[in-house]
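Enquirer:
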Amino acid sequence: MKQRIMEAMQRFSKAMFIPVLILPIAGILIALGNVFTNQRLLEVIPFLDNPVTTGFGSILSGSLVSILSNLGLIFAVGITVGLAKKEKSVAGFTALLGYLVFVNAMNKFMELSGLLVEAESLQGTGQTLVLGVQILDMGVFLGIILGIVTAYIHNKFIDTEFNGAFQIYGGSRFVFIVLIPVAVLMAVFLTYVWPVFQSGINSLGTLIQHSGNFGVFLYGALERLLIPTGLHHLVYTPFLYTSLGGVEEVGGQVLEGARNIYYAEIADPEVARLSKSVIWDARGIAKMFGLIGACLAMYHTAKPENKVKVKAILIPAAFTSFIAGVTEPIEFSFMFVAPLLFVVHAALSGFSMVVLNILDVRAIGPNGMIDFLLYNLPLGFEKTSWPMYILVGIIFFVIYYVVFRFLIKKFNFKTVGREEQGKETKLYSKQEYKAKKSKGKDNTNTANSDVASIIVDALGGAENIDTVTNCYTRLRLTLHQPNLVDEQTLKTKTGASGVIMKDKNVQVVYGLQVTTVRKAVDRYLGRGQTE
């Protein structure tokens, strides 16, 4: 039972990536639109103050903010696609249809039952407009629930076929036929049950608020500690996109979740001061500053004869963490050889959030310096206190460096450059990166195919691989026999930074090039998008 629960959580965590990874793109473009409409910036750069650029900025921000008001639909389709085992595009289309059926079924049932609230503003009533239809305000949870249910029905009935006149009602059409009564019954059921769940969610949010800095610390530490399991997304996603992360009215719209509120507020010039959500997305301190200090400590404690190699390994990893917020290549360099360092890293990450909370800093850097510049600089010091964010980051750079250097030397941890003879802790090196980039476009498919063949063989062969997906930095697989995995080959011959195995779920860390790796493996296995 425990294994099945863990496997289900792993699958769900992988599925969450489809909608979650799209949202930061929307946020960046909202921030970019804000750049073209920010009055302070226009005073500094007068040539931007013209109808073309300001109009473009207004359209860009206004159009993308609408994504934040339809997260339920986005998550319903995204999670269904992620959980579907085959014919994923059809599954996503079915999820869209199921979402429309559910929304209108709940509205009609509430109307017949006299439960619809008649008010000029629905704020505080527990109801909202979804695609112009008034229903209970379930937020992103509606999409999550429908996504899981639709994917289950799709996987169970997609292969159902009939003979004779009923043949046209098989396959995806039968899935939709089954989904219709399920969606209607769910709408009726949740009309009565959801208010109870919503009350519990609100109570949890209140508890976190009352926990103050301890709640912030716990959130920050857990978000890092769960990285080896791949379940850390289940910690931060509810706070970023549901009422657990706060509820605010921005521009006449009621938004839930710290990230959603932030995106909307930076696009609204009337907002004088960004609100302080229950949990703020301040993970950038560890990504942009802390782990850079850890890299410097590992370099200074490396053996003299290894320092050239260590520099070539750590500089690209540190640069990627600082610019793009991808931390796993660094974290995997010490996660298994020195678990104490990883625990300390998690604690310091949580502590950095507490410091920002105490100092009332509202700046964020969720995905490195690029995000930090786009989100915070156009808003000015008054809204975000971004200079204080940088100061705190520099302080944590020093703290990470001092603590990591002390612990590495005190306990003689075998971090990068301190390995025993014949053993190697490996990151994705600059030379390997350049070697791959130097291959021309004509040789790309051949090179990728060669790497894919090595990966598949190291995973126990094609017949051992059940499913292949990927997240932002990891190739995620389900294997029939995980004991066949050749971890050393994956690290030394394919550029993997780390390998994590939990029951039948295997995660191979490749960093930002994981999408290319995933496509190459799919091509090698002869699997298309429908699989």
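Quick note on my numbering: the sequence shown kicks off at 1 and runs consecutively. Cβ atoms here follow ideal geometry from the backbone N, Cα and C, with glycine treated the same way.
1) Helix or strand or just coil, what does DSSP make of M369?
2) Determine the burial state of T492: buried for a count of at least 16 other Cβ atoms within 10 Å of its Cβ, exposed for fewer.
3) For Q134, report the span of its beta strand (DSSP E) as first-last.
4) Considering only the alpha carbon of each residue, which of Y472, E487, Q481, N470 lies closest to I454?
5) Under three-state DSSP, which class holds K410?
6) Excluding five sequence neighbours on each side, which residues of the same chain lie with their C-beta closer than 8 Å to the C-beta of E256?
7) Any idea if Y428 is buried or exposed, counting beta-carbon neighbours within 10 angstroms, 16 or more meaning buried?
8) Using 8 Å as the threshold, is the C-beta distance between A119 and T128 below it?
9) Can you tell me the Cβ-Cβ gap for A264 and V184, rounded? I've got them flagged as a contact below 8 Å.
10) Taking 7 Å as the limit between beta carbons, can you name the residues of its chain near F75, skipping five residues before and five after?
11) Hey, would you say the C-beta of G495 is under 7 Å away from at least one heavy atom of the ligand NAD?
12) At the level of alpha carbons, what is the spacing between L48 and F56?
13) For K156, tell me which candidate among G33, L222, L377, L83 has the shortest Cα-Cα distance.
14) Starting from D466, follow the alpha helix (DSSP H) in both directions and report where the run begins and ends.
15) From E432 to G498, what distance separates their C-alpha atoms?
16) Which residues mark the beginning and the end of the beta strand (DSSP E) in which Q481 is found?
17) Assign K14 to one of two classes, buried (16 or more other C-beta atoms within 10 Å of its C-beta) or exposed (fewer than that).
18) Just how far apart, CA to CA, sit A312 and T320?
19) Give the C-beta separation of I330 and L291 to the nearest angstrom, bearing in mind that I take them to be a contact with Cβ-Cβ under 8 Å.
20) Run through DSSP, which three-state label would I500 get?
21) Using the Cα positions of K307 and M288, report the straight-line distance between them to the nearest angstrom.
22) I'd like to confirm the pairing. Which residues does DSSP put opposite T128 in its beta bridges?
23) Apart from the five residues just before and just after I358, which ones in its own chain have a Cβ nearer than 6 Å to its Cβ?
24) Taking only three categories from DSSP, how would you classify L359?
25) Using a Cβ distance threshold of 8 Å, determine whether the region 63 to 82 contacts the region 105 to 116, with at least three qualifying pairs required.
26) Would you mind stating whether G293 and Y400 have Cβ atoms separated by less than 8 Å?
27) Mark G132 as exposed unless 16 or more other C-beta atoms lie within 10 angstroms of its C-beta, in which case mark it buried.
28) If we require 4 or more residues per run, which alpha helix (DSSP H) segments fall completely within the region 179 to 264?
29) Throw me the rounded Cβ distance for the R476 and N483 pair, which I believe falls under 8 Å.
30) Taking V103 and I135 to be in contact with their CB atoms under 8 Å, please state how far apart those CB atoms are, rounded to whole angstroms.
31) Assuming T160 contacts L179 (C-beta within less than 8 Å), just tell me the rounded distance between them.
32) For E328 and M353, I'd like the C-alpha separation in whole angstroms.
33) Taking the Cβ atom as the reference point for each residue, do I285 and V392 lie within a distance shorter than 8 Å?
34) How far does the alpha helix (DSSP H) with V149 in it extend, from its first residue to its last?
35) Taking DSSP's pairing of strands, which residues face L477 in a bridge?
36) Where do the N-terminal and C-terminal ends of the alpha helix (DSSP H) with P51 fall, by residue?
Expert: Taking the definition as stated:
1) helix
2) exposed
3) 133 to 136
4) E487
5) helix
6) The residues are G139, V140, Y241, T242, S243, G245, G246, V247.
7) Residue confidence for Y428 is low, a pLDDT of 40 falling below 50, so the modelled location carries little weight and cannot support an answer.
8) no
9) Beta-carbon to beta-carbon, A264 and V184 are separated by about 33 Å, too far to satisfy the 8 Å threshold.
10) So the list reads P19, V140, G143, I144, G147, once near-sequence residues are dropped.
11) Annotation note on the ligand NAD: not contained in the displayed structure, which lists no ligands.
12) 11 Å
13) Of G33, L222, L377, L83, the residue nearest in Cα terms is L83.
14) That residue, D466, is in no alpha helix (DSSP H); its beta strand (DSSP E) goes 465 to 470.
15) Here E432 scores only 41 on pLDDT, less than 50, and its place in the model should not be relied on; the value that follows carries that caveat. Rounded to the nearest angstrom, the two C-alpha atoms are 16 Å apart.
16) It is not in any beta strand (DSSP E) - Q481 carries neither H nor E in the DSSP assignment.
17) buried
18) 13 Å
19) 5 Å
20) strand
21) 23 Å
22) I135
23) Beyond the five residues adjoining it in sequence on each side, I358 comes within less than 6 Å, by CB distance, of no other residue in the same chain.
24) coil
25) They do not touch, by the three-pair rule.
26) For G293 and Y400, yes; Cβs fall inside 8 Å.
27) exposed
28) 213 to 225, 233 to 241
29) Not confirmed; about 18 Å, so no contact.
30) 6 Å
31) With 8 Å as the limit, T160 and L179 do not qualify as a contact, their Cβ atoms being about 13 Å apart.
32) Taking the straight line joining both Cα atoms gives about 19 Å.
33) yes
34) 140 to 157
35) Note: L477 sits in a beta bridge opposite V468, V506.
36) 51 to 68
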